[in-house]
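Peer 1: Got a structure for you, written out below as structure tokens; questions coming shortly.
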């Protein structure tokens with residue numbers, strides 16, 4: 010049995026675990042990442058899963074990764090490059106398409122086909138969402154203050170928070186109206202929110218997509234508007250709300266992080282599932298690996314979601330009852346599926362001409378909000394959606410590294426797919442039937458799609474959970490609803506990356522500010538750990 | 000608009016004058032305006048500017064937004080929308096007005112043409128369909144965006160009336176400023192208003208897009224004797240600064256577009272208090288404007304007469320002749336050397352201690368000079384924003 014000592018041991022090499030690891034290694038600590046798979050990356054991976062094709066088989070596009078982290082970890086030097094989207098589109102049943110382009114006037118005219126008022130309202134909407142993003146952006150980087158605590162740092166934190174919201178000048182630039190709007194935005198349904206701006210079905214449903222991706226909420230569910238905001242607060246080179254492809258797939262992000270980590274003497278132990286966190290007198294001190302090896306460290310950090318951490322690798326007897334109950338109640342419902350498709354040719358759409366930039370970004374086929382809500386109703390009934398919302402893209406049009414010449418890779422994110430089917434659970438047969446159903450839906454908007462499918466990887470929440478370890482396959486490590494955000498994420502009283510076990514921390518998307526390939530939870534956790542160790546580093550983020 | 004007009008290969012539309020403007024745009028220098036391609040500079044900004052002040056210049060202003068307001072409540076709607084009172088407006092009269100949001104912050108300005116009690120037309124710089132529609136709630140009016148259905152030229156300069164006369168445009172010299180009527184230019188029915196952005200004698204000509212090229216050609220018909228030039232947006236920017244006119248999103252942020260609430264401005268701050276009638280029973284923003292007026296101004300948009308000859312473009316303004324003791328008190332929004340006035344002029348915001356006429360402020364000018372900046376600390380005097388004001392602008396009958 011091997012026994013090794015480290016300053017910090019991190020369970021799981023997802024993008025947040027890697028981010029925490031990089032900052033701690035930069036501070037000169039001896040850090041190890043213990044990863045279940047032979048490769049790191051968690052849900053930000055790209056692998057050759059079909060000969061010649063690279064699949065970003067979980068997360069598929071990038072926007073939220075904090076630019077400070079990009080710089081601090083020198084990810085460009087370690088090979089990461091982001092290619093911005095050129096456009097996006099929703100295809101209509103009547104043969105037209107609705108598009109957004111980089112060119113503002115072109116987007117205006119595209120929307121004006123459906124409604125001139127909506128074309129103008131899009132600017133209003135954009136401005137209001139941008140304001141909300143400006144409010145929320147600085148909050149991503151903070152450790153949420155605990156409103157029940159009298160500790161000076163929490164009181165100061167709340168004070169800063171209040172001051173920020175009350176500031177009418179350069180700080181937050183918020184007026185009274187904006188404060189009202191913020192509260193509304195954080196609690197409304199996306200349908201109600203969009204209804205205040207737009208009259209045309211296709212405009213509303215195109216924009217509503219961002220509010221349901223990865224979420225077990227429908228467009229009529231209160232709280233869904235916040236999820237839209239969550240997807241808008243990213244950026245590509247300062248363009249807030251923009252999305253892009255990571256060149257080489259999403260795995261390029263975590264590969265660059267791993268390379269940066271190793272450059273700072275970090276160690277990765279791959280292919281080694283952790284079976285148990287060693288705890289004595291309410292203090293964690295090490296890990297037990299599947300092969301029986303033990304690793305000792307002063308600080309243990311879990312990149313796993315809060316449920317997996319405390320219901321699987323920490324023994325129940327080590328936990329306070331209230332905490333255990335709160336973890337059990339944490340909402341982390343599976344609602345998404347994913348298809349990764351190798352294509353022998355470029356799909357030709359019935360509506361979008363070949364070469365149109367609108368066809369190179371995210372593509373959708375949902376016709377109206379009611380159809381989207383209907384898709385959610387199916388999920389509640391324990392069925393996959395008859396008319397699923399798809400967020401699909403063909404990264405290989407812009408990224409020459411994803412598929413052989415002349416061939417293409419298509420990523421299809423599917424909403425909604427239940428974790429448990431009402432009619433007796435998932436079987437191999439049902440999984441294939443689900444994939445066939447989604448491909449059939451896509452095929453009806455294309456002239457050649459059905460004839461060019463070379464290979465398809467079909468993933469229900471079960472496969473995502475089994476591969477990545479995300480409970481129920483929930484991509485955010487827990488839903489992004491107000492009851493699970495800020496000082497309530499993941500558990501009230503434990504929103505500061507600490508846990509009831511001394512020296513055990515959390516750094517995954519179950520913590521503030523939540524999911525998406527953002528890196529903020531990982532960097533915030535690193536900051537807290539460094540504080541506890543009285544270590545200082547000077548970086549853009551920390 | 001049908002989808003065949005939308006192509007990613009053509010992000011910018013062409014105006015009905017495009018054939019002519021592109022033939023004359025030797026510098027191939029284009030400007031993007033409301034989704035259209037218009038000329039920034041045809042060949043030389045100096046020549047184009049000089050034509051406007053010496054003979055006449057022709058500007059393609061087709062991209063301007065145009066809204067028809069029709070219905071029995073049309074007048075009531077306008078009176079709710081804008082801050083001044085147009086109860087007494089007559090047919091064929093044009094009103095200049097501004098509209099504010101409920102907080103009394105300016106959204107846009109525009110010219111409002113009165114065809115009759117039940118039909119008005121608004122011309123403005125920004126898109127306003129949403130704001131107008133919101134304002135129209137409860138009124139019997141129909142608001143229609145007719146921007147693409149009218150071609151428009153601004154024909155500005157001392158010889159503009161003379162040339163229209165030579166084209167036998169009947170009685171044009173008696174068209175009063177801020178009035179319009181229907182005329183005929185060489186067998187084409189057009190609407191002509193005595194309005195414009197140059198602060199000089201000038202007209203705006205509105206016609207059906209199918210007649211655009213003919214109307215354009217007519218204006219250049221007497222070029223052998225009186226040289227009329229097509230003028231671009233750069234020249235327009237010069238004459239509008241001289242005239243002291245302001246532009247949304249250049250001199251102030253439209254309240255509909257400002258991301259930062261503290262960037263919005265009320266009419267008093269813009270020096271447009273004369274357009275606000277607080278006696279009027281109700282209009283959008285009235286309550287807030289009463290409060291703004293009582294409270295007094297924190298800053299104001301003023302004219303600046305700048306020392307030296309280097310334009311104070313984008314300069315920060317200070318309160319002291321000594322740089323090391325100076326406090327920031329404002330910012331320049333537009334600046335130029337005025338060839339006709341032989342002055343260095345600017346428009347800018349200054350704070351309440353400095354906006355009175357005759358006050359001195361100081362501009363830090365970064366003047367580019369062969370890969371280096373000359374930093375100039377220039378004294379500026381606060382003056383009236385209307386730098387150029389020639390009597391021929393308002394003379395009736397007009398100079399010909």
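Protein chains in written order, with the working numbering: chain G, 10 to 551; chain E, 0 to 399.
From the three backbone atoms N, C-alpha and C, an ideal C-beta is built for every residue, glycine too.
#1: Measure the Cβ-Cβ separation of residue 221/E and residue 165/E and say whether it is below 7 angstroms.
#2: For residue 240/E, is the beta carbon positioned less than 6 angstroms from some heavy atom of the ligand NAD?
#3: How many angstroms separate the CA atom of residue 24/G from the CA atom of residue 408/G?
#4: Out of curiosity, what's the CA-to-CA distance linking residue 428/G and residue 342/G?
#5: Give me the Cβ distance between residue 412/G and residue 61/G, rounded to the nearest whole Å; I'm assuming they're in contact under 8 angstroms.
#6: For a test of the three-state rule: what should DSSP assign to residue 87/G, helix, strand or coil?
#7: Which of helix, strand or coil does DSSP assign to residue 248/G?
#8: Listed from N- to C-terminal order along the chain, which residues in the stretch 110-130 of chain G have their beta-carbon within a distance smaller than 7 angstroms of any beta-carbon of chain E?
#9: Out of 89/E, 197/E, 93/E and 162/E, which has the shortest C-alpha to C-alpha gap to residue 60/E?
#10: For residue 13/G, write down the residues that DSSP places opposite it in a beta bridge.
#11: When the distance is taken between beta carbons, is residue 243/G closer than 7 angstroms to residue 339/G?
#12: Can at least three beta-carbon pairs, one atom from the stretch 342-359 of chain G and one from the stretch 461-472 of chain G, be found at a separation below 8 angstroms?
#13: Could you check where the alpha helix (DSSP H) with residue 424/G kicks off and where it finishes?
#14: Please name the residues in the stretch 186-208 of chain G whose beta-carbon is closer than 7 angstroms to at least one beta-carbon of chain E, in chain order.
#15: What residue range does the beta strand (DSSP E) around residue 92/E cover?
#16: Could you give the uninterrupted runs of the alpha helix (DSSP H) lying entirely in the stretch 455-542 of chain G, keeping only those of 4 residues or more?
#17: Got a sec: which bits of the stretch 109-126 of chain E sit with their beta carbon under 7 angstroms from any beta carbon on chain G, in order along the chain?
#18: Give every residue of the same chain whose Cβ lies closer than 6 angstroms to the Cβ of residue 2/E, excluding the five residues on either side of it in the sequence, and list them in chain order.
#19: Quick one: list the residues of chain E neighbouring residue 136/G, beta-carbon separation under 9 angstroms, in chain order.
#20: Select from 320/E, 313/E, 305/E and 301/E the residue whose C-alpha is nearest the C-alpha of residue 355/E.
#21: Would you kindly work out how many angstroms separate the C-alpha atoms of residue 263/E and residue 269/E, rounded to a whole number?
#22: Leaving out five residues on either side along the sequence, give the residues of the same chain with a beta carbon under 8 angstroms from the beta carbon of residue 426/G.
#23: Whole alpha helix (DSSP H) runs in the stretch 342-368 of chain E with 4 or more residues, listed along the chain?
#24: Per DSSP, which one or two residues make a beta bridge with residue 197/G?
#25: What is the rounded straight-line gap between the Cα of residue 28/G and the Cα of residue 269/G?
#26: Which one or two residues does DSSP pair with residue 12/E in a beta bridge?
#27: Can you tell me which of the three DSSP states residue 64/E falls into?
#28: So, is the C-beta of residue 129/E closer than 7 angstroms to a C-beta in chain G?
#29: Might you give, ordered along the chain, the residues of its own chain that have their beta carbon closer than 7 angstroms to the beta carbon of residue 219/E, omitting 5 neighbours on each side?
#30: Return the first residue and the last residue of the alpha helix (DSSP H) that residue 7/G is part of.
#31: What are the residues of the stretch 364-382 of chain G that lie near chain B, defined by any Cβ-Cβ distance shorter than 9 angstroms?
#32: To the nearest angstrom, how far is it from the Cα of residue 8/E to the Cα of residue 359/G?
#33: Anyone know if the C-beta pair for residue 211/E and residue 51/E falls short of 7 angstroms?
#34: Take residue 280/G and list the residues in its own chain whose beta-carbon comes closer than 6 angstroms to its own, dropping the five residues that flank it on each side.
#35: So residue 292/E is in the alpha helix (DSSP H); what residue range does that whole segment cover?
#36: Pull up the CB-CB distance for residue 234/E and residue 48/E, whole angstroms please, since I reckon it's below 8 angstroms.
Peer 2: Reading it off the structure:
#1: Residue 221/E places its beta carbon less than 7 angstroms from that of residue 165/E.
#2: Of the ligands one can find in the structure shown there are none, so the ligand NAD has no counterpart to examine.
#3: 21 angstroms
#4: 7 angstroms
#5: 7 angstroms
#6: Here residue 87/G sits in coil by DSSP.
#7: Residue state for residue 248/G is assigned as strand, using DSSP reduced to three classes.
#8: Those residues of the stretch 110-130 of chain G that come within reach of chain E (Cβ to Cβ, closer than 7 angstroms) are 110, 112, 114, 115, 117, 118, 119, 121, 122, 125, 126, 129 and 130.
#9: Of 89/E, 197/E, 93/E and 162/E, the smallest CA-CA separation from residue 60/E is found for 197/E.
#10: 304/G
#11: Between residue 339/G and residue 243/G, the CB-CB gap reaches or exceeds 7 angstroms.
#12: yes
#13: Not the alpha helix (DSSP H): residue 424/G falls in the beta strand (DSSP E), residues 417-424.
#14: 187
#15: It spans 92-99 - the beta strand (DSSP E) in which residue 92/E sits, taken as one unbroken run.
#16: 470-477 and 529-541
#17: 126
#18: Here the model assigns residue 2/E a pLDDT of 44, short of 50, so the residue's position is not dependable, and the following value carries that caveat. Within the same chain, residue 2/E has no close Cβ partners at all.
#19: 255, 256, 257 and 258
#20: 301/E
#21: Distance between the alpha carbons of residue 263/E and residue 269/E is about 10 angstroms.
#22: Closer than 8 angstroms at Cβ, skipping near neighbours: 343, 344, 345, 346, 388, 393, 394, 397, 443, 469 and 470.
#23: none
#24: Per DSSP, none; premise fails for residue 197/G.
#25: 10 angstroms
#26: 35/E
#27: strand
#28: Closer than 7 angstroms to some Cβ of chain G, the Cβ of residue 129/E qualifies, so yes.
#29: 227
#30: Only positions 10 to 551 of chain G appear in the structure, and residue 7/G is not among them; the question remains open.
#31: No chain B appears in the structure shown, which is made up of the protein chains G and E.
#32: The alpha-carbon atoms of residue 8/E and residue 359/G are separated by roughly 19 angstroms.
#33: No, these two residues do not count as a Cβ contact at 7 angstroms.
#34: 47
#35: 285-294
#36: Confirmed, Cβ separation roughly 4 angstroms.
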